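The structure under discussion appears below in the form of structure tokens.
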Amino acid sequence: MRTAALTGYADLARSLGLDPTELLGDVGLTLTDLDTPDRWIAAAPAARLLELSARRAPCEDFGVRLAERRRLGSLGPISVVLRDEPDLRSAVDLLIRYERVYNEALHMRLHEHDELARITVWLEFGEPAPAGQALDLVMGAVVGIIRALIGNDWAPLSASFAHPRPRDPASYRRTFGPGVRFDQDFTGLELLVRDLVAPVLTSDASVRPYSRQFLDDVVAPGYPTFATQVSETVELLLPAGRCSLKTVSRYLGMRPRALQTLLAEDGHSFSAIVHATRARLVERYLPNDGYSVTEVSQLLGFGAPSAFTRWFQARFGTSPSEWRRNARAGSLPAAIGDGQAT
Numbered sequence: 257m258r259t260a261a262l263t264g265y266a267d268l269a270r271s272l273g274l275d276p277t278e279l280l281g282d283v284g285l286t287l288t289d290l291d292t293p294d295r296w297i298a299a300a301p302a303a304r305l306l307e308l309s310a311r312r313a314p315c316e317d318f319g320v321r322l323a324e325r326r327r328l329g330s331l332g333p334i335s336v337v338l339r340d341e342p343d344l345r346s347a348v349d350l351l352i353r354y355e356r357v358y359n360e361a362l363h364m365r366l367h368e369h370d371e372l373a374r375i376t377v378w379l380e381f382g383e384p385a386p387a388g389q390a391l392d393l394v395m396g397a398v399v400g401i402i403r404a405l406i407g408n409d410w411a412p413l414s415a416s417f418a419h420p421r422p423r424d425p426a427s428y429r430r431t432f433g434p435g436v437r438f439d440q441d442f443t444g445l446e447l448l449v450r451d452l453v454a455p456v457l458t459s460d461a462s463v464r465p466y467s468r469q470f471l472d473d474v475v476a477p478g479y480p481t482f483a484t485q486v487s488e489t490v491e492l493l494l495p496a497g498r499c500s501l502k503t504v505s506r507y508l509g510m511r512p513r514a515l516q517t518l519l520a521e522d523g524h525s526f527s528a529i530v531h532a533t534r535a536r537l538v539e540r541y542l543p544n545d546g547y548s549v550t551e552v553s554q555l556l557g558f559g560a561p562s563a564f565t566r567w568f569q570a571r572f573g574t575s576p577s578e579w580r581r582n583a584r585a586g587s588l589p590a591a592i593g594d595g596q597a598t
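Mapping to our numbering: the sequence shown position 227 is 483, numbers consecutive.
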């Protein structure tokens, strides 16, 4: 993730009586890491930093408070393109399509049904890490982006969080409005479909060809790769249990051998992409207690939980249940988690 995602962290930590230098050191980062907004750092330590800060303060809404200090420019160069998208739907589609340009751990999806739309968000760290505060930061940032694009008075119909209700949810209501819900089976925003056609206030059609050229030439040249397209298709088909080479090839409009050839030219294989996609989805579903291990195995396209457990053990060297416990605990040493000095 880009360090700009932590914009305002040091000031917020100090305002709560914390020492940002000490906290950053506890997770293997330094204040110098935050000096350059476009510097990339591992996302898992950043998530641990937010969780640790929230515990030490104590401040259950640390991520939400940090989101209030973010601006559209915190997204980096892609913010220049967002400002000239014609409407909110185009802007959200851009954020989803190019999510790895500004945060490789973040994933978003937009779903529309009748008059309602849902923006679902989740994080994939590549290792067990606490996601609660980081997702609060993402949710607040997304609301801030939408308001910057279509107006400060916009509010979602509801904001859902997978984590338990904080003791004082006042800051959540201040940021997201009255429709805040906790202990949900997903984290995301619900809004009216008509909000998606709201015009972007700063959009200028005469500038759009140049901002698009900037996107293609500077922000994300050559993005996305063919392997990314295959991975996205695998993700779509896994829950239905139809994720074979033949099915994915048909979905992409090519023969299986052509798909294999194109992947091999970039150093990939179909089976490796399936395994990697399943490993990513584990981080989306397994930390959420709203999904049983059996349900997670079905979402990953396994015919039986036992097959999922064997695959998981071989991939991660532990059981799904143990991994879930580690993710919930944040894999923080006891001395860090309970606020004692390390």
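Beta carbons are placed, not taken as given, at the ideal position from N, Cα and C, and that holds for glycine.
These numbers were taken from a predicted model, which means no experiment stands behind them.
(request) Could you check what DSSP says for S309 in three-state terms: helix, strand or coil? (result) As a working mapping, residue 309 is identified with position 53 in the sequence shown. Reduced to three states, the DSSP call for S309 is helix.
N-terminal and C-terminal residue of the alpha helix (DSSP H) that L344 is part of
What you label residue 344 is simply residue 88 of the sequence shown in a count that begins at 1. Counting along the chain, the alpha helix (DSSP H) containing L344 begins and ends at L344 to R353.
- prompt: When the Cα atoms are used, what is the spatial distance from E446 to S335?
  reply: Counting from one through the sequence shown, the residue named residue 446 turns up at place 190. Counting from one through the sequence shown, the residue named residue 335 turns up at place 79. In a straight line, the C-alpha of E446 is about 23 Å away from that of S335.
request  = Return yes when the Cβ of D451 is within less than 8 Å of the Cβ of L366, no when it is not.
outcome  = Numbered from 1 along the sequence shown, position 110 holds the residue referred to as residue 366. Numbered from 1 along the sequence shown, position 195 holds the residue referred to as residue 451. Against a cut-off of 8 Å, the Cβ pair of D451 and L366 comes out as no contact.
Expected contact under 8 Å - CB spacing of L279 and L308 to nearest Å: For this step, residue 279 is matched to residue 23 along the sequence shown. For this step, residue 308 is matched to residue 52 along the sequence shown. Correct: roughly 6 Å between the Cβ atoms.
- I think V456 touches E341, with their Cβ atoms under 8 Å apart; what is that distance to the nearest whole Å? For the purposes of this step, residue 456 is identified with residue 200 of the sequence shown, where counting begins at 1. For the purposes of this step, residue 341 is identified with residue 85 of the sequence shown, where counting begins at 1. That belief holds up - the Cβ atoms of V456 and E341 are roughly 5 Å apart, short of 8 Å.
Are the CB atoms of W378 and R571 within a distance shorter than 8 Å? Counted from its first residue, the sequence shown places residue 571 at position 315. Counted from its first residue, the sequence shown places residue 378 at position 122. Cβ distance not < 8 Å, so R571 and W378 don't count as in contact.
Checklist entry - Taking Cβ positions, are A266 and L285 nearer each other than 8 Å? => result Within the sequence shown, the letter at position 10 stands for residue 266. Within the sequence shown, the letter at position 29 stands for residue 285. No, the pair does not count as a contact, with Cβ atoms beyond the cut-off.
* Asked: Is E316 near A323, with beta carbons less than 8 Å apart?
  -> For this step, residue 316 is matched to residue 60 along the sequence shown. For this step, residue 323 is matched to residue 67 along the sequence shown. Not in contact: E316 and A323 (Cβ atoms no closer than 8 Å).
* Asked: Is the beta carbon of A373 sitting closer than 8 Å to the one on L448?
  -> As a first step, residue 373 is located in the sequence shown; it is residue number 117 there, counting from the start. As a first step, residue 448 is located in the sequence shown; it is residue number 192 there, counting from the start. The answer is yes: Cβ separation under 8 Å.
Counted within 10 angstroms of its Cβ, other Cβ atoms place V600 as buried (16 or more) or exposed:
Because residue 600 is not part of the residues shown, which for the chain are 257 to 598, the question remains open.
- Item | At least three beta-carbon pairs within less than 8 Å, the stretch 405-413 to the stretch 387-394 | no
Let me check you understand the geometry: is the CB of K502 closer than 7 Å to at least one non-hydrogen atom of the ligand ZN? For the structure depicted, the ligand ZN is absent and the ligand set is empty, with no information on it obtainable.
### Query
In angstroms, rounded to a whole number, what distance separates the CA positions of A532 and G478?
Locating residue 532 in the sequence shown gives position 276, counting from the first residue. Locating residue 478 in the sequence shown gives position 222, counting from the first residue. Going by the C-alpha atoms only, they are around 21 Å apart.
Practice prompt. Specify whether the stretch 425-432 and the stretch 519-533 touch according to this definition: at least 3 beta carbon pairs, one from each stretch, less than 8 Å apart.
Written response: no
**Asked** Is the beta carbon of A313 sitting closer than 8 Å to the one on L274?
**Response** Along the sequence shown, read from residue 1 onward, the residue named residue 313 stands at position 57. Along the sequence shown, read from residue 1 onward, the residue named residue 274 stands at position 18. Yes.
Margin query: Does the stretch 487-503 come into contact with the stretch 513-529, if we say contact requires no fewer than three beta-carbon pairs (one atom in each stretch) closer than 8 Å?
Written below: yes
* Looking only at its own chain, which residues have a Cβ that is under 6 Å from the Cβ of V538, when we skip the five neighbours before and after it? -> Reading the sequence shown from its first residue, position 282 is the one you call residue 538. Same-chain partners within the cutoff: there are none.
Assuming T550 contacts P543 (C-beta within less than 8 Å), just tell me the rounded distance between them. Along the sequence shown, one-based indexing puts residue 550 at 294. Along the sequence shown, one-based indexing puts residue 543 at 287. With a Cβ gap of about 16 Å, T550 and P543 do not count as contacting.
**Message:** Could you tell me which whole beta strand (DSSP E) segments of length 3 or greater appear in the stretch 386-460?
**Reply:** 414-416 and 444-448
* Asked: Quick one: what does DSSP say T481 is sitting in, helix, strand or coil?
  -> Within the sequence shown, numbered from 1, the residue matching residue 481 stands at position 225. The answer is coil: DSSP assigns T481 none of H, G, I, E or B.
- Item | Nearest neighbour of P434, chosen from P420, D441 and S416 [CA to CA] | Taking the first residue of the sequence shown as 1, we reach residue 434 at position 178. The option with the nearest alpha carbon to P434 is S416.
> For the stretch 526-571, which segments carrying the alpha helix (DSSP H) assignment without a break, of at least 4 residues, lie completely within its bounds, in sequence order?
Replying inline: 526-541 and 549-555
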